[in-house]
Amino acid sequence: EQMRPFFRDIRKLQANGNVDLPYLFACDDANWYTELNDTVNEGAEYKNLQLTGCELAKDVVITWKAEEMAVESFISFILEEVAHKMGVALINAVLYGDGSNKPTGVLNGLTAVTTGETPIDTIIATYKSLSNDARVGAKAYVSTGVRVSMIGYQDDNGNYPFLQGLAGTDLFSIETDPFLKDYDILVGNPRYYILNENTPVRIDRESSVKGRKVTYGAYGIYDGKAKPNAFAKGTYIGSKSL
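Take 49 as the starting number for the sequence shown in the working numbering and just add one per residue.
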């Protein structure tokens, strides 16, 4: 999670079975009253985020001989690699998943904002595309490509105004997420993405006598989805991108 900022910041649940999460879609504002006047009934509309369970799995097969002759650290290395691949698949689904037998990614279905000559221009334009409500608590997550373009951006005077990087503005913070692709930008309040972990990742071992092989398999059940209209996507295509 330390190397995966958006995944670190999202809201996580550990509820077995299907989950139906209500959220406030629209409601009336509070009103001011004078003494003895009755308050009016609030108009509120609720909708639901429905999360089921999607299976994530990976296995590695080695021979009995390889297992018997390998140093102990080799088996640990295999297990670490399997767990790493599971984590990569989960995070990619949280960002880009299409919802088909996997979580629905936060960027799925969003049309990218592409305006802006500098990376900062594009980030700000992406932020501005959010509604006022969605801007509350919003952060900007940028790919390594965008961050490199920020650091390497050179103005007309030959200066590098963002050479020291930019951690954010008084409106929102900016953080690099290495799992964002190419020149993608994600802006929104990460708490509006919900990931439910039905079954945390585990590693099982299965031995086949006839084939003299051992299978190490990783398995987990997850689903995730973002609150509608809570996030915006940007893609930096400025003429001075690196």
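Just so it is clear, CB atoms sit at the ideal spot from N, CA and C, and this is done for glycine as well.
Since the structure is predicted, the reported quantities are computational estimates derived from the model, not experimental observations.
Scanning the segment 133-187 for uninterrupted alpha helix (DSSP H) segments of 4 residues or longer gives 167-176, 180-183, listed from N- to C-terminal end. Our two residues, Thr162 and Tyr189, have alpha carbons roughly 15 angstroms apart in a direct line. Ala274 has Tyr241 as its beta-bridge partners, per DSSP. By the C-beta density criterion, Val136 is exposed, having fewer than 16 other C-beta atoms within 10 angstroms.
Assigned with DSSP and collapsed to three states, Phe227 falls in coil, not helix or strand. Here the C-alpha atom of Ser148 lies approximately 18 angstroms from the C-alpha atom of Tyr267.
Put simply, the backbone Cα of Lys95 is about 27 angstroms away from that of Trp80.
Under the three-pair Cβ rule at 8 angstroms, the segment 270-279 counts as touching the segment 96-115. Thr217 sits exposed, since fewer than 16 C-beta atoms from the chains shown fall within 10 Å of its C-beta. Counting C-beta atoms within 10 angstroms of its own C-beta, Asp86 has fewer than 16 neighbours from the protein chains shown and is therefore classed as exposed. Three or more Cβ pairs drawn from the segment 229-238 and the segment 181-197 lie within less than 8 angstroms of each other, which places the two stretches in contact. In this structure Thr166 is buried. Its beta-carbon is surrounded by 16 or more other beta-carbon atoms within 10 angstroms.
Remark: fewer than three beta-carbon pairs, one from each stretch, lie closer than 8 angstroms, so the segment 122-130 and the segment 140-159 are not flagged as touching. The shortest CA-to-CA distance from Asp107 to any of Met134, Glu116, Thr82 is the one to Met134.
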